[in-house]
Amino acid sequence: MLKALHLYLTNFLSLIFPNLCPACGAELVVNEEIICTNCRYNLPQTNFHLQADNIVARQFWGKLRLEGAYALYYFTKGGKVQNLMHHFKYKGMHKIGNLMGDIAGVQLSKNEIFAGVDYIIPVPLHKNRLRERGYNQAACFAQGLAGQLNAVVEENNLIRTKATKTQTKRSRFARFENMKEVFTVANAEKLKGKHVLLVDDIVTTGSTLEACAIPLLEIPGLKLSIATIAYAE
27 MLKALHLYLT
37 NFLSLIFPNL
47 CPACGAELVV
57 NEEIICTNCR
67 YNLPQTNFHL
77 QADNIVARQF
87 WGKLRLEGAY
97 ALYYFTKGGK
107 VQNLMHHFKY
117 KGMHKIGNLM
127 GDIAGVQLSK
137 NEIFAGVDYI
147 IPVPLHKNRL
157 RERGYNQAAC
167 FAQGLAGQLN
177 AVVEENNLIR
187 TKATKTQTKR
197 SRFARFENMK
207 EVFTVANAEK
217 LKGKHVLLVD
227 DIVTTGSTLE
237 ACAIPLLEIP
247 GLKLSIATIA
257 YAE
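Count along the sequence shown from 1, add 26, and you get the number used in the numbering used here.
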């Protein structure tokens, strides 16, 4: 009786306040959560977990010493992944990050490089931006990944020491200059000899990830990999 009443109320409320898929805008039906079934299986996946020399990895060749690099989806302007990321970053839908992490984690758990990750470190937000947004989208992604990789999210070890201006429309060089000496490690001892997965929401030029990686790679014995939700050319 109570179960039937709950279902009735849920269906009634969905008529007034329909739950829409943040990627395509379609109304979610019963048993669909966060994104619709069609988007869950048809968003443009990269399969970079199957390609050691994928596009993301090549971005860092000659710059960073990485074990592996990965992005879950291709990001195209005006596409469904852009819609998804907009809702994730600016509409308060932090659960999107958890779901994306879970989906990505299933793929990465099948790759021996990523399966050996000890710690997952999200790219940190400056405290002012964190206060404004209410959550760190990279941390949400990290939490979803951790459940599949049996790794620990290390959220407060990599510190952003100063706020930076938006990276939009900057060249790669300008982006890197904007990010120089922005990040520092609080407890390097804890990460010695560990395999760390550095994660963010989107990788474009890779400047932010590179700036984060530099102080991490100064730690003796640390192995570093990178993962993001999306890759934008």
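We put the beta carbon where it would ideally sit given N, CA and C, even for glycine.
Taking DSSP's pairing of strands, which residues face residue i in a bridge?
i: Arg186; result: Phe209
i: Tyr336; result: Any answer about residue 336 is impossible in this case: the structure gives the chain only from 27 up to 259.
i: Gly94; result: Ser251
i: Tyr161; result: None; Tyr161 has no bridge partner.
i: Val179; result: Ile146
i: Leu46; result: Glu53
Does DSSP classify residue i as helix, strand or coil?
i: His221; result: strand
i: Ile147; result: strand
i: Leu69; result: coil
i: Glu59; result: coil
i: Asn154; result: helix
i: Glu236; result: helix
i: Gly173; result: helix
i: Glu215; result: helix
Just how far apart, CA to CA, sit residue i and residue j?
i: Ile240; j: Leu90; result: 8 Å
i: Trp87; j: Glu138; result: 21 Å
i: Gly104; j: Asn68; result: 16 Å
i: Val149; j: Leu54; result: 31 Å
i: Leu156; j: Val56; result: 33 Å
i: Thr231; j: Tyr96; result: 14 Å
i: Lys121; j: Phe114; result: 8 Å
i: Ile129; j: Gln71; result: 11 Å
i: Leu151; j: Ala52; result: 32 Å
i: Arg66; j: Leu134; result: 17 Å
i: Gly123; j: Ala214; result: 27 Å
i: Asn162; j: Tyr100; result: 21 Å
i: Ala237; j: Leu92; result: 14 Å
i: Cys50; j: Asn73; result: 22 Å
i: Lys153; j: Glu59; result: 30 Å
i: Ser233; j: Tyr116; result: 22 Å
i: Leu242; j: Val179; result: 15 Å
Since I believe residue j is in contact with residue i (beta carbons under 8 Å), could you give me their beta-carbon distance rounded to a whole number of angstroms?
i: Leu171; j: Ile146; result: 6 Å
i: Asp227; j: Thr254; result: 6 Å
i: Ile185; j: Phe167; result: Rounded, the Cβ-Cβ distance is 19 Å, inconsistent with contact.
i: Ser251; j: Leu223; result: 5 Å
i: His221; j: Val143; result: 5 Å
i: Asn182; j: Ala141; result: So it is not a contact: roughly 25 Å between Cβ atoms.
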